[in-house]
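Asker:
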Amino acid sequence: MNILISSCLLGQYCRYDGKTKTYEAIEPLLNRHDIHFIPICPEQAGGLPTPRPAAERCGEKVLTKEGCDVTAQYERGAEAALYVVRLFHCTKAILKAKSPSCGSGLIYDGTFSRTLTEGDGVTAALLKAEGIEVFSEGDPLEYLLL
C-alpha cells in the first residue's frame with residue numbers, strides 16, 4: 076500500500092518556519108514491507124520557499140499575514156500532490172493538521188490569531204474530492220491499515 080505523507084511528518088525541514096514536525100507514531104510502520112510512504116510538501120511543490128511567510132485560508136484564497144495572495148502556489152502544490160497520488164496509486168494520505176494546504180477537518184481561520192475553524196486545506200480538499208482518504212497525524216493509525 077502506498078500512502079502519501081506530508082514531508083514534514085517524516086522529519087524533512089520544509090515547514091513555513093523552516094522546521095519539521097516529525098510524526099513519531101508512524102515509526103513502527105516505516106520498516107513494514109507492505110506500506111510505502113510517499114513524501115511531498117505541497118507548498119514547496121507549488122514553488123514556495125522554505126522558510127516562507129505564514130499563510131492561512133481566507134475563504135477560497137490563501138493569504139500571508141501581510142496580505143500577499145499565494146493561492147496560485149497552493150493550488151499548484153495541490154495539483155502536484157494529486158499527480159504524485161496518481162503516479163504511485165495512493166489511496167490514503169497522512170497530512171499535517173491545521174495547515175492551509177494539508178489541514179483536514181480543522182484549519183486556521185484566516186485571522187492569524189491561532190483560531191481554528193472547520194475546513195480543509197487546499198491539498199486536502201482536492202485529494203478528498205478525488206476519493207483519497209485523508210488523515211491527520213492525530214488520527215488513530217488503525218484507520219490507515221483498514
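Counting from 76, one number per residue, gives the positions in the sequence shown under this note's numbering. Positions of the beta carbon are idealized from the N, C-alpha and C atoms, including for glycine. Please read these numbers as outputs of a predicted model, since none were measured by experiment.
Restricting to Cα atoms, I'd like to know which of ASP195, VAL197, CYS177, LYS173 is closest to PHE187.
Answerer: Translated into the one-based positions of the sequence shown, residue 187 becomes position 112. The shortest Cα separation from PHE187 among ASP195, VAL197, CYS177, LYS173 belongs to LYS173.
Asker: Measuring alpha carbon to alpha carbon, tell me which residue in LEU123, ILE101, ILE80, ALA147 is nearest ASP233.
Answerer: Outside the modelled stretch of the chain, which goes from 76 to 221, sits residue 233, for which no answer is possible.
Asker: Checking 8 Å against the spacing of the C-beta atoms, do GLY121 and GLN148 come in under that value?
Answerer: Along the sequence shown, read from residue 1 onward, the residue named residue 121 stands at position 46. Along the sequence shown, read from residue 1 onward, the residue named residue 148 stands at position 73. Taking 8 Å as the Cβ cut-off, GLY121 and GLN148 qualify as a contacting pair.
Asker: By a C-beta neighbour count over all protein chains shown, 10 Å radius and 16 as the cutoff for buried, is TYR218 buried or exposed?
Answerer: Position 143 of the sequence shown, counting from 1, holds the residue named residue 218. Flag for TYR218 reads exposed.
Asker: Can you list, in chain order, the residues of its chain with a C-beta nearer than 8 Å to that of LYS136? Leave out the 5 residues immediately preceding and following it.
Answerer: Start at 1 with the first residue of the sequence shown, and residue 136 comes out as number 61. Leaving aside the five residues that flank LYS136 on each side, the residues in its chain whose CB is nearer than 8 Å to its CB run, in chain order, ASP144, THR146.
Asker: Roughly how many whole angstroms lie between the Cα atoms of ARG151 and GLY196?
Answerer: One-based indexing of the sequence shown puts residue 151 at position 76. One-based indexing of the sequence shown puts residue 196 at position 121. If I take the Cα positions, the gap works out to 13 Å.
Asker: GLU212: buried (16+ other C-beta within 10 angstroms of its C-beta) or exposed?
Answerer: As a first step, residue 212 must be located in the sequence shown, where it is residue number 137. Buried.
Asker: What are the boundary residues of the beta strand (DSSP E) that includes THR139?
Answerer: Counted from its first residue, the sequence shown places residue 139 at position 64. 136-139 is the span of the beta strand (DSSP E), which, as asked, contains THR139.
Asker: Name the one or two DSSP bridge partners that THR95 has.
Answerer: By one-based count along the sequence shown, residue 95 stands at place 20. DSSP output for THR95 lists no bridge partner at all.
Asker: From the DSSP output, which residues share a beta bridge with LEU106?
Answerer: The residue labelled residue 106 in the question sits at position 31 within the sequence shown. Looking at the sequence provided, one finds Asn at residue 106 rather than Leu. Per DSSP, ASN106 has no beta-bridge partner at all.
Asker: Hey, could you find the ends of the beta strand (DSSP E) ALA168 is sitting in?
Answerer: Here residue 168 refers to the residue found at position 93 when the sequence shown is read from its first residue. Its beta strand (DSSP E) spans residues 167-170.
Asker: Considering Cα atoms alone, identify which of GLU99, THR95, LYS94 is closest to LEU216.
Answerer: Numbered from 1 along the sequence shown, position 141 holds the residue referred to as residue 216. Nearest option by C-alpha distance: GLU99.
Asker: From LYS167, LYS171, GLU118, MET76, pick the residue whose C-alpha is nearest to that of ALA153; which is it?
Answerer: Taking the sequence shown and counting its residues from 1, the one referred to as residue 153 is at position 78. Residue GLU118 is the option with its Cα nearest to ALA153.
Asker: Any beta carbon of chain C sitting closer than 8 Å to that of SER174?
Answerer: Judged by its chain identifiers, the structure shown contains no chain C, having just a single protein chain.
Asker: Which of the three DSSP states is assigned to ALA155 in this structure?
Answerer: The sequence position of residue 155 within the sequence shown is 80, counting from 1. DSSP places ALA155 in helix when its eight states are reduced to three.
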